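Below is one structure, written out as structure tokens, with a few remarks after it.
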Amino acid sequence: MKTYIYILLAFCLLSCEDVVDVDVPQSSPKLVIEATIEWEKGTVGNEQEIKLSLSTPYFSNEQFVPATGAQVIIRKLSDNTTFVFSESTEGIYTTNTFNPELNTVYELEILYGNEVYKGQEEFKSVSDINSITQTVEGGFDDELIEVNIFFDDPEDEENYYLTRFNEPGDVLPYYFPLDDEFTNGNEMTMFYEKEDGDNENDELNEGDLVEIELSGISERYYNYMSLLLQQADDQGPFGVTPAPVIGNCVNETNEEAKPYGYFRLSEVVKTSYIIQ
Numbered sequence: 063m064k065t066y067i068y069i070l071l072a073f074c075l076l077s078c079e080d081v082v083d084v085d086v087p088q089s090s091p092k093l094v095i096e097a098t099i100e101w102e103k104g105t106v107g108n109e110q111e112i113k114l115s116l117s118t119p120y121f122s123n124e125q126f127v128p129a130t131g132a133q134v135i136i137r138k139l140s141d142n143t144t145f146v147f148s149e150s151t152e153g154i155y156t157t158n159t160f161n162p163e164l165n166t167v168y169e170l171e172i173l174y175g176n177e178v179y180k181g182q183e184e185f186k187s188v189s190d191i192n193s194i195t196q197t198v199e200g201g202f203d204d205e206l207i208e209v210n211i212f213f214d215d216p217e218d219e220e221n222y223y224l225t226r227f228n229e230p231g232d233v234l235p236y237y238f239p240l241d242d243e244f245t246n247g248n249e250m251t252m253f254y255e256k257e258d259g260d261n262e263n264d265e266l267n268e269g270d271l272v273e274i275e276l277s278g279i280s281e282r283y284y285n286y287m288s289l290l291l292q293q294a295d296d297q298g299p300f301g302v303t304p305a306p307v308i309g310n311c312v313n314e315t316n317e318e319a320k321p322y323g324y325f326r327l328s329e330v331v332k333t334s335y336i337i338q
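Following this note's numbering from start to finish, the sequence shown increments by one per residue and tops out at 338.
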């Protein structure tokens, strides 16, 4: 009886090796807008860059399809000052005349393929980083080194932040959005601890360099990033089914052809820390 079962299983495994071609429906390419305007503290902030590309099918080998020939401007709504972005390389639009002003609303306008795209956002400020420390006591694993940053949250106002940690050579940085709902007006902290993998390169070790960024963001961008990161982290049979995450840009010519991406303006603190 056992021999019969083994033979039957082997037959099933061999008979299931046929390749099945499945026609995957493909939608028309959509404009992808990567318009992150960052004003690093201590700099003029006049040099800025916007990247435009087209969405690609899921199984495509193309990593970046530039959207060329667009007209790109940002307008400061308080006085109607306009900043023109010129295409320096395919899909990359730059300017060296931008004038950042905190707590001011800006409008992005893109003319591409005879369609007009627009988005509005307020330029958000951020606090300085007070200190950076390392420890092994406050993270998820008490045997791994973690990096902690501390900064003051302003009183009597809602604030949202985006932290970014990265080791040079890592494939992807670590992002974490943060709000002050329960810590308004207090010193806030955020920690970074790499997951323990199969080798020591998957954790922080003495001599490692960690690049750190702290940005001020809007509530809408906080919600946008939270949803994106949630979808990226969901795995397994009980994960949330991925769905397009819509940003703050709209297609004013064709409402159905919604673009991907986001228009963000943030003051940012950039620094680094070497593990001791």
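Here a beta-carbon is modelled for each residue, glycine too, at the ideal position from N, C-alpha and C. Fair warning: this is a prediction, and the values are worked out from it, not measured in the lab.
Check: Pick helix, strand or coil for Ala294, following the three-state DSSP scheme.; Outcome: helix
Check: If you draw a straight line from the C-alpha of Glu208 to the C-alpha of Ser140, how long is it?; Outcome: 43 angstroms
Check: Would you check if there are 3 or more beta carbon pairs closer than 8 angstroms linking the stretch 218-238 to the stretch 305-314?; Outcome: no
Check: Thinking just about the alpha-carbon of each residue, which of Asn313, Gln338, Lys186, Leu276 is nearest to the one in Arg326?; Outcome: Lys186
Check: Tell me where the beta strand (DSSP E) around Val134 begins and ends.; Outcome: 133-138
Check: Just to confirm the assignment, what range does the beta strand (DSSP E) spanning Asn48 have?; Outcome: The structure shown has nothing for residue 48, since the chain only spans 63 to 338.
Check: Classify Glu149 as helix, strand or coil using the three-state DSSP reduction.; Outcome: strand
Check: Which of the three DSSP states is assigned to Ser193 in this structure?; Outcome: strand
Check: Within this structure, are the beta carbons of Asn158 and Asn108 separated by less than 8 angstroms?; Outcome: yes
Check: Can Thr144 and Ser150 be called in contact, C-beta distance under 8 angstroms?; Outcome: no
Check: Distance, Cα to Cα, Glu174 vs Asp190?; Outcome: Here residue 174 turns out to be Tyr, not Glu, going by the sequence shown. Looking at the two C-alpha atoms, the distance is approximately 38 angstroms.
Check: Would you list, in sequence order, the uninterrupted beta strand (DSSP E) runs of no fewer than 3 residues that lie entirely inside the stretch 223-250?; Outcome: 236-241
Check: Asn313 by DSSP, collapsed to three states: which one?; Outcome: strand
Check: Leu170 and Glu265 look like a contact to me (Cβ under 8 angstroms); what is the Cβ gap, rounded to whole Å?; Outcome: That belief does not hold up - the Cβ atoms of Leu170 and Glu265 are roughly 40 angstroms apart, past 8 angstroms.
Check: If you run the structure through DSSP and keep just helix, strand and coil, what is Ser117?; Outcome: coil
Check: Just grab the DSSP bridge partners of Met252 for me.; Outcome: Ile211
Check: Taking only the alpha-carbon atoms, compute the straight-line gap between Asp218 and Glu255 and give it to the nearest angstrom.; Outcome: 31 angstroms
Check: Whose C-beta lies closer than 8 angstroms to the C-beta of Ile194 among residues of the same chain, with five residues either side of it excluded?; Outcome: Val209, Asn210, Ile211, Phe212, Ile274, Thr333, Tyr335
Check: How would you call Pro321, buried or exposed, if buried means at least 16 neighbouring beta carbons within 10 angstroms?; Outcome: buried
Check: In three-state terms, what does DSSP make of Glu281?; Outcome: helix
Check: Are the CB atoms of Pro235 and Asn246 nearer to each other than 8 angstroms?; Outcome: no
Check: State the Cα-Cα distance for the pair Ile136 and Phe147, rounded to the nearest angstrom.; Outcome: 8 angstroms
Check: Roughly how many angstroms separate the alpha carbons of Asn192 and Leu240, rounded to a whole number?; Outcome: 17 angstroms
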